[in-house]
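Written below as structure tokens is the structure these notes are about.
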Amino acid sequence: MTKAAKKIKTKAGVEEVPVNWSSQFALLRIAGIIIAGVALSVINARHISTLFENSLHFSHLADVEREISYRTEMGLYYSYYKTIIEAPSFLDGLRLITHDNVTEYGHTINTLKRFNLYPEVILSYAYRIFKRTANALNWKMERCWTVNRGDLSPVESCEGIGNPHYFYIDLVFALAGTTAGWLFFLGTLVSDTVFGGAIAVLAFAFNHGEATRVQWTPPLRESFAFPTIIAQTVVVTYILKNHRSGLLYGLPMVVFGCLSMLFWQFSQFAFFTQVGSLFVVYTFDFIPRPTMETLLKGHLVTFTMAFMMLFGNEMLLTSLYTASILAALILVNLDCILGRITLRPLYVAITSLCFVFGTLGIKLGISTLLQVEDDKHIFDILRSKFTDYATFHTRLYTCSKEFDFISFETLQKLCATWLLPAAAMGIFLFVVVFLFTERKELLYRSGNRGKPYAEVFYNVVQTACYAVMALLIMRLKLFFTPHLCICSAFLANNKLLQSINIHLDKRIHTVIVVAFIAAMAYEGKTNIDKQLAIQGEYSNPEQEMLFDWIMRETKPDAVFAGTMPVMANVKLTTLRPIVNHPHYEDVGIRNRTKLVYSIFSKKPISEVHDTLKKMGINYVIFQMLNCAPDIERPYCAYRGMWDEEDPENINRVSNCDLFNVAATQHDHHRILPFRIAYFRNNNYLVLKV
8 MTKAAKKIKT KAGVEEVPVN WSSQFALLRI AGIIIAGVAL SVINARHIST
58 LFENSLHFSH LADVEREISY RTEMGLYYSY YKTIIEAPSF LDGLRLITHD
108 NVTEYGHTIN TLKRFNLYPE VILSYAYRIF KRTANALNWK MERCWTVNRG
158 DLSPVESCEG IGNPHYFYID LVFALAGTTA GWLFFLGTLV SDTVFGGAIA
208 VLAFAFNHGE ATRVQWTPPL RESFAFPTII AQTVVVTYIL KNHRSGLLYG
258 LPMVVFGCLS MLFWQFSQFA FFTQVGSLFV VYTFDFIPRP TMETLLKGHL
308 VTFTMAFMML FGNEMLLTSL YTASILAALI LVNLDCILGR ITLRPLYVAI
358 TSLCFVFGTL GIKLGISTLL QVEDDKHIFD ILRSKFTDYA TFHTRLYTCS
408 KEFDFISFET LQKLCATWLL PAAAMGIFLF VVVFLFTERK ELLYRSGNRG
458 KPYAEVFYNV VQTACYAVMA LLIMRLKLFF TPHLCICSAF LANNKLLQSI
508 NIHLDKRIHT VIVVAFIAAM AYEGKTNIDK QLAIQGEYSN PEQEMLFDWI
558 MRETKPDAVF AGTMPVMANV KLTTLRPIVN HPHYEDVGIR NRTKLVYSIF
608 SKKPISEVHD TLKKMGINYV IFQMLNCAPD IERPYCAYRG MWDEEDPENI
658 NRVSNCDLFN VAATQHDHHR ILPFRIAYFR NNNYLVLKV
């Protein structure tokens with residue numbers, strides 16, 4: 008019992024227990040941090056929503072225009088939400104997406120298993136309940152008006168949460184908004200002060216355009232999964248900081264981890280790097296064995312639940328994530344043997360090599376046993392980045408800017424706001440602390456586990472993993488940039504400075520932190536203003552006219568093929584069956600797409616026609632702009648891809664030229680047995696197969 012809590016006797020003889028003010032202030036501090044996190048989440052959600060509205064003028068679009076604005080994968084995901092809310096019942100809608108014969112005509116697939124559609128299932132169920140309640144209580148939850156569109160026909164536009172589009176995106180933005188709150192919590196945890204949380208969340212705001220794209224692409228899987236990944240990281244950091252173990256702490260980790268696995272197929276790679284990062288920290292004796300076992304068992308339960316709820320997803324079963332969990336668990340349980348090694352460099356080298364080779368061995372063993380190749384393209388992409396190796400499929404990925412190496416422009420922007428220098432200084436500070444405090448144990452282990460700053464060590468290693476991912480594939484900077492914000496929060500950690508005998512007065516340290524935030528804000532405020540200045544109004548009349556023709560002139564069961572981005576919108580807006588789509592992670596759909604894209608090749612036109620006919624295709628949507636050459640990278644144009652892929656036909660006339668002549672000069676006999684069914688505005692050409 009502390010002195011403040013001891014019983015004292017008053018003159019009246021009545022014993023009183025003074026209030027334990029330290030615990031009261033601790034509770035108030037925790038409550039204040041939670042309130043601040045919630046407030047930051049709300050502000051972030053409103054900011055994202057404003058940017059989205061500014062870019063598209065979404066409130067004044069008709070529902071069909073909103074559907075068309077969901078480009079490529081976004082349209083595919085939203086189509087399943089639309090399917091469920093328009094079905095006679097929720098269970099009927101669920102049955103339609105788990106026994107789907109529209110997305111890959113000729114095959115019946117479980118799209119919930121393949122495409123991580125739990126966000127759409129949850130949102131559609133919530134919308135059906137909300138709509139039923141609103142109708143029963145006679146709530147008016149949307150406003151509608153007529154919008155005149157110049158040369159186009161007037162349309163009715165509705166806004167409000169009663170509109171299915173608004174219900175969907177508002178909840179996406181609400182979830183994505185929590186990223187700011189979680190970053191605030193994480194920054195506070197690693198710095199032991201709310202000033203660290205402030206640095207993290209302000210750095211995120213100042214570099215918003217390099218940290219997320221939810222404001223432009225709400226239906227993408229990352230919009231749902233990333234906030235839960237950050238939430239799971241907060242839980243892991245708390246467990247490491249306080250050396251906790253047991254079910255009570257493992258449960259929230261499992262909940263957030265499982266949600267992110269259900270929401271995005273790429274979450275497994277993020278968690279693979281987390282398992283690897285934790286193992287590195289463990290090899291340096293910073294994590295007690297019970298804590299490490301809690302974390303690994305949490306990951307094992309996360310995988311098991313996600314695997315079952317995704318109907319036995321083979322790509323997850325054969326993932327590096329699964330293999331790394333098993334390898335780490337085996338090595339932790341072999342610690343009674345490996346732990347006898349006292350020479351630290353030898354211990355770290357042996358355990359690390361065992362982890363790496365164990366992970367690769369288990370992964371290859373399971374993949375070979377089950378004959379699963381769905382993730383082969385990922386390793387092909389990495390191989391193509393460092394060698395001359397290339398295939399049709401790797402070019403479709405690597406020719407896209409988002410799958411290129413991180414750009415110098417991105418790094419310049421991160422430096423301009425002082426984020427990269429701040430994170431580098433934060434990491435350097437920890438390295439100095441590590442070398443100073445561990446100087447006696449760099450060569451020989453003491454055998455003691457559970458050293459301080461395990462949470463900081465973990466986040467440093469995790470940032471290094473995310474840095475490698477972002478350098479290789481620019482799209483993955485959404486992991487890297489937020490974690491740079493976390494590393495910059497280290498600068499507010501006074502205890503780290505005290506560990507190396509730098510005793511700064513807290514007031515002076517606070518002034519330095521505030522000055523640093525002011526320096527970051529100089530360019531950061533400009534970035535926010537630039538984002539808010541983006542004004543646009545979405546309009547795609549050519550595609551709208553195409554879809555109008557499809558709905559008027561083709562049968563409801565007519566089967567369509569074409570480029571991946573257009574196919575997603577064809578399915579969403581016209582509800583026609585399609586044979587290929589933008590979700591390219593399955594080996595079967597990659598092969599299908601290559602067959603469809605033979606329309607851009609130099610193969611004999613009759614051979615292409617026969618191929619498409621065998622697939623059951625009735626119409627092919629062909630865009631003239633897809634035949635344009637790429638001067639800088641010829642192999643990135645569809646023509647160039649096929650010249651590389653099909654050299655035996657390289658001297659033949661391109662089908663692009665044949666279709667162009669047929670459409671513009673009405674010389675149809677050159678493309679027989681294809682027939683032109685639709686052609687307007689020198690863009691969309693629909694070929695009857």
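Offset between the sequence shown (1-based) and my numbering: plus 7. Cβ atoms here follow ideal geometry from the backbone N, Cα and C, with glycine treated the same way. Because the structure is a prediction, the values reported are computed rather than measured.
Secondary structure of lysine 147, DSSP reduced to three states: Reduced to three states, the DSSP call for lysine 147 is coil.
Where serine 96 sits in the DSSP three-state scheme: DSSP places serine 96 in coil when its eight states are reduced to three.
Runs of alpha helix (DSSP H) wholly within the region 231-316 (minimum 4 residues, chain order): Fully enclosed alpha helix (DSSP H) runs of 4 or longer: 254-270, 274-290, 296-316.
Cβ separation of leucine 193 and isoleucine 493, assumed to be a contact under 8 Å, to the nearest whole Å: 6 Å
Assigned exposure category for isoleucine 42 - 16 Cβ within 10 Å defines buried: Exposure of isoleucine 42 is indicated by the presence of fewer than 16 other C-beta atoms within 10 angstroms of its C-beta.
Inter-residue spacing [alpha-carbon to alpha-carbon] between isoleucine 612 and phenylalanine 686: About 19 Å.
The region 125-137 in contact with the region 88-106 per 3-pair CB rule at 8 Å: Output reads yes: the region 88-106 touches the region 125-137.
Leucine 323: CB within 7 Å of a non-hydrogen atom of the ligand NAD: The model on display carries no ligand, and the ligand NAD is accordingly not part of it.
Range covered by the beta strand (DSSP E) that runs through isoleucine 206: No beta strand (DSSP E) contains isoleucine 206, which is instead part of the alpha helix (DSSP H) from 201-213.
Same chain, Cβ closer than 7 Å to proline 648, neighbours up to 5 away in sequence not counted: The amino acid at residue 648 is misidentified as proline; the sequence shows methionine. Around methionine 648: Phe399, Arg402, Tyr642.
Nearest-angstrom beta carbon gap, isoleucine 606 and valine 615 [assumed within contact, 8 Å]: 6 Å
Inter-residue CB distance, leucine 479 and glutamate 229 (contact presumed, cutoff 8 Å): Not confirmed; about 17 Å, so no contact.
Sub-8 Å separation of glutamate 592 and aspartate 381 beta-carbons: A contact, by the Cβ cut-off of 8 Å.
Best match in Ala423, Glu74, Ser86 for proximity to lysine 532 [C-alpha to C-alpha]: Selected option, being the one with the closest Cα: Ala423.
For alanine 568: DSSP bridge partner residues: Paired residue(s): Val627.
Span of the beta strand (DSSP E), counted from its first residue to its last, around tyrosine 691: 691-695
Integer Cβ distance of alanine 69 from serine 164, believed to fall under 8 Å: 5 Å
Uninterrupted alpha helix (DSSP H) stretches inside the region 637-691 (no shorter than 4 residues): 645-652, 662-671
Isoleucine 683 versus phenylalanine 567: straight-line alpha-carbon distance, rounded: 14 Å
CA-to-CA distance, asparagine 662 to alanine 669, given in whole angstroms: Roughly 10 Å separates the two Cα atoms.
Buried/exposed call for proline 701, threshold 16 Cβ in 10 Å: Lying before the first or after the last residue shown, residue 701 is absent from the chain, which here runs from 8 to 696.
Beta-carbon spacing of serine 291, valine 243 below 8 Å: The sequence as given places phenylalanine at residue 291; serine does not occur at that position. Not in contact: phenylalanine 291 and valine 243 (Cβ atoms no closer than 8 Å).
Opening and closing residue of the alpha helix (DSSP H) in which phenylalanine 364 lies: 351-377
Local conformation of aspartate 381 per DSSP, three classes: coil
For arginine 223, the three-state DSSP class (helix, strand or coil): Looking at the sequence provided, one finds tryptophan at residue 223 rather than arginine. In this structure, tryptophan 223 counts as coil in the three-state DSSP scheme.
Where glutamate 163 falls: helix, strand or coil (DSSP): DSSP, reduced to helix, strand and coil, places glutamate 163 within a strand of the structure shown.
Through-space distance from valine 208 to leucine 324, alpha-carbon basis: 35 Å
Proximity below 8 Å, CB of glycine 305 to CB of methionine 260: Taking 8 Å as the cut-off, the beta carbon of glycine 305 is found closer than this to the beta carbon of methionine 260.
Contact belief for phenylalanine 180 with proline 225 at Cβ below 8 Å, rounded distance in angstroms: 7 Å
Cα-Cα separation between proline 680 and threonine 618, rounded to whole angstroms: 12 Å
DSSP state of lysine 18 mapped onto helix, strand, coil: Residue confidence for lysine 18 is low, a pLDDT of 49 falling below 50, so the modelled location carries little weight and cannot support an answer.
Cβ-Cβ distance between isoleucine 104 and tyrosine 125 below 8 Å: no
Neighbour-count burial assignment, valine 321, 16 or more Cβ in a 10 Å radius: Per the sequence shown, the amino acid found at residue 321 is glutamate instead of valine. Under this definition glutamate 321 is a buried residue.
Buried or exposed by the 16-neighbour rule on C-beta atoms within 10 Å, applied to histidine 673: exposed
Range covered by the alpha helix (DSSP H) that runs through cysteine 492: 484-495
Cβ shell of alanine 19 (< 6 Å), same chain only, five flanking positions each side left out: With a pLDDT of 49 at alanine 19, under the threshold of 50, the predicted position of this residue should be treated as unreliable, though the coordinate-derived value follows. Once the five neighbours on either side are set aside, alanine 19 has no close Cβ partner at all.
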